[in-house]
Amino acid sequence: MVMVEAAAERGKQLSSRVSEEGAGWTCARIGTFDALRPKTKGFTWFDPRTLLRSRNEILAGLFGDPSPEVRERWVSGQLEGGADPGFRIRTGLGGSFDFLLLGDTGEGDASQYAVVPGLLRVGQGTAFAVVASDVIYPAGSGNEYGDKFFRPYQDYDAPIYAIPGNHDWYDGLGGFMRVFCDAPPLKPRPVTGRLRGLLWRRPETIDEPRLAEARKLRARPAQQAAGPAAQPGPYWAIESDSLLVVGVDTGIKGLIDRRQTAWLREVSLDPRPKILVTGKPIYTRNEYKPSPLEEGGTIDDIVRDPRHRYVAAIGGDVHNYQRYPVRVGDRVIQYVVSGGGGAFMHATHTIDRVDVAGVHEDDFRCYPLRGDSLSFYSQLYARRLGMKWLYLTPAEAACVMSEHIGATPVRPVASPVRMTARIRWAARLLGGRPWPLRLPVGRVFHRYLSELSDWDTPPFFKQFLRLSVTPDTLTLRCFAATGCLDQELEPPLEDEVRIALS
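Going by my numbering, the letters in the sequence shown line up with residues 43 to 544, in that order.
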């Protein structure tokens, strides 16, 4: 614990909140991740076949999400196979321990592997890790776990648990359930709805010898899940003396089915403090988006109930870091987005001045900083669209975002920046400034084009969490991964919050 505290103190001085170097803008040496990643060509978001494989997202929105019905079949099969009826993972942990949490990991490319060296360094001595959403991109195939799960984390010597994200559900959850729960395939059943059934993408047949070979990369005893076999199901509760970590499965569109709701209500009555881990964050982009319960109400109704003692709710799906400390009665619940574990970075500069649920701008934290997000996307689009005037330096972007948000730049700007028409127009086009045409440019354009704008060179602006638990306190730390060697050796600490448990 002393080593972790010392690393955290050093990390604060090396972060993007202190210098451009800490953000990775002056990357003198590429990190060792480049030697770790597979040399085979992976998928690209530019390929129409990738979008076709991911079509179930669109179909679920048009014709209804079948994941609650399919989840019921998976859960029934697990219980028939002898899974713990309470879906508990009994670790035997005492009152003090640490664990890692990272979300939206599995692209299998440079941006995923760039997280690994720092994660292994910071993660020494942790009891387990949790992947919060989207273990495998683009469509959750069980045949892609080798390079996107087993290989990157082969040197992490503790169990890894996971909750599925929408991309894992594009394969009917078959790959996820086979890898994490050791579940046999479901018997084929027609997808309800004639048109949806016609267009719906069916699960891939898993190449069992290929999967067995991949499993050998994480076959050491220390890496195996606690308990009699494996993770009990797509939702679960990890037990310790001081804390419960409760993971819920939000399917494709975020709906919590009746059976999972009943389980969640029951496990939430446990008297210990709790963290919720969810595939869909409750607060994100200055908006409130609680997952609905099939029976009515929302998952946040359960989180906010003081009897349940939730101290934090952490979600993936959005590929960056955000933290909203929300006051609920006489306590504060930390609502966190932690989706920067490997996939392309979703912009933070499109987040307006924060004013949601009583959380104001000074209380809000995000990574990357808005200015760094705007500068990076300006560089990306300037290069890809051949419009050099779009590029904003980190200092220019920080100042224009500071002007828009109405706050002092988080990171000191070394020399004065003169706000020109070019800077303001570039910011407007990239969604970083108000403008009548911001809707198609700032949200629609950015939302869909960003998924086609992956990159393989630093800085990546990735992140992961280390959570330290004692009987009295939970300390949540957000560490950055830029892809630069200096940040691999000394991972920057971008955020830290201590939460009372007693």
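Glycine residues also receive a C-beta, built at the ideal position from the N, C-alpha and C atoms.
According to the Cβ coordinates, are residue i and residue j closer than 8 Å?
i: L543; j: S138; result: no
i: Y409; j: A522; result: yes
i: P500; j: G84; result: no
i: G358; j: G321; result: yes
i: G473; j: V442; result: no
i: T515; j: L509; result: no
i: L432; j: L416; result: no
i: R243; j: R95; result: yes
i: I447; j: R412; result: yes
i: F502; j: S57; result: no
i: A156; j: G382; result: no
i: V112; j: G214; result: yes
i: L228; j: R115; result: yes
i: L311; j: R349; result: yes
i: I205; j: A169; result: no
i: L297; j: D414; result: no
Near residue i, what residues of its chain come up, given a Cβ to Cβ distance below 6 Å and the 5 sequence neighbours on each side ignored?
i: L527; result: R71, G73
i: G165; result: L142
i: D176; result: D146, G207, H209
i: L491; result: Caution applies to L491, whose pLDDT of 48 falls short of 50 and renders its modelled position unreliable; the model cannot decide the point.
i: V345; result: L318, Y352, A355
i: V46; result: none
i: I393; result: R327, N328
i: A181; result: R95, S96, Y212, D213
i: M40; result: What the structure shows of the chain is the stretch from 43 to 544, and residue 40 is not part of that stretch, so it cannot be assessed.
Three-state secondary structure (DSSP) at residue i?
i: P436; result: helix
i: S420; result: helix
i: L481; result: Confidence at L481 is low in this model, with a pLDDT of 29, below 50, so the placement of that residue is unreliable and no value is reported for it.
i: I341; result: helix
i: S175; result: coil
i: P270; result: Residue placement at P270 cannot be trusted, given a pLDDT of 45 that sits under 50; the coordinates are not used to answer.
i: G160; result: helix
i: H488; result: Only weak support is given to the placement of H488: the predicted model assigns it a pLDDT of 41, under 50, and the value that follows is read from those uncertain coordinates. It is helical.
i: D414; result: helix
i: K190; result: helix
i: L240; result: helix
i: K295; result: coil
i: Q265; result: helix
i: Y195; result: coil
i: I248; result: coil
i: D210; result: helix
i: D5; result: Residue 5 lies beyond the range of the chain shown here (43 to 544); nothing can be said about it.
i: A32; result: An answer regarding residue 32 cannot be provided, because it is not within the stretch 43 to 544 covered by the chain.
i: G53; result: helix
i: G289; result: strand
i: H350; result: helix
From which residue to which residue does the alpha helix (DSSP H) around residue i run?
i: P90; result: 90-95
i: Q529; result: 527-531
i: A469; result: 463-471
i: R300; result: 300-310
Residue i bridges to which residues according to DSSP?
i: I375; result: V368
i: R132; result: E281
i: C69; result: Answer by DSSP bridge pairing: none, since C69 is not bridged.
i: E329; result: T326
i: D537; result: C520
i: S380; result: Y363
i: I356; result: V319, V378
i: P334; result: T340
i: R407; result: R365
i: A542; result: T515
For residue i, collect the residues of the same chain with a Cβ closer than 8 Å to its Cβ; drop the 5 residues on either side in sequence, then sort them by chain order.
i: I131; result: Y203, A267, A268, G269, Q273, P274, W278, A279, I280, E281
i: A50; result: R519, L535, E538
i: E186; result: G148, G150, I178, G217
i: K430; result: A424
i: V398; result: Y325, N328, E329, Y330, Y366
If you drop the 5 nearest sequence neighbours on each side, which residues of the same chain put their C-beta closer than 7 Å to that of residue i?
i: R300; result: E336, E337
i: G400; result: V368, R369
i: L259; result: F192, R193, Q196
i: S109; result: W211, G293, I294
i: P159; result: G73, T74, F75, E530
i: Q421; result: Y433
i: T303; result: L335, E336, E337
i: E438; result: V459, I465
i: F129; result: P274, G275, Y277, W278, A279, W305
Would you mind reading off the limits of the beta strand (DSSP E) that contains residue i?
i: D140; result: 139-144
i: G217; result: From DSSP, G217 is part of no beta strand (DSSP E) but of the alpha helix (DSSP H) over 216-223.
i: W431; result: Run containing W431: none; DSSP gives neither H nor E here.
i: F521; result: 515-523
i: T320; result: 316-320
i: L590; result: Since the first residue of the chain shown is 43 and the last is 544, residue 590 is not available in this structure.
i: F548; result: The question about residue 548 has no answer, for the chain in this structure spans 43 to 544.
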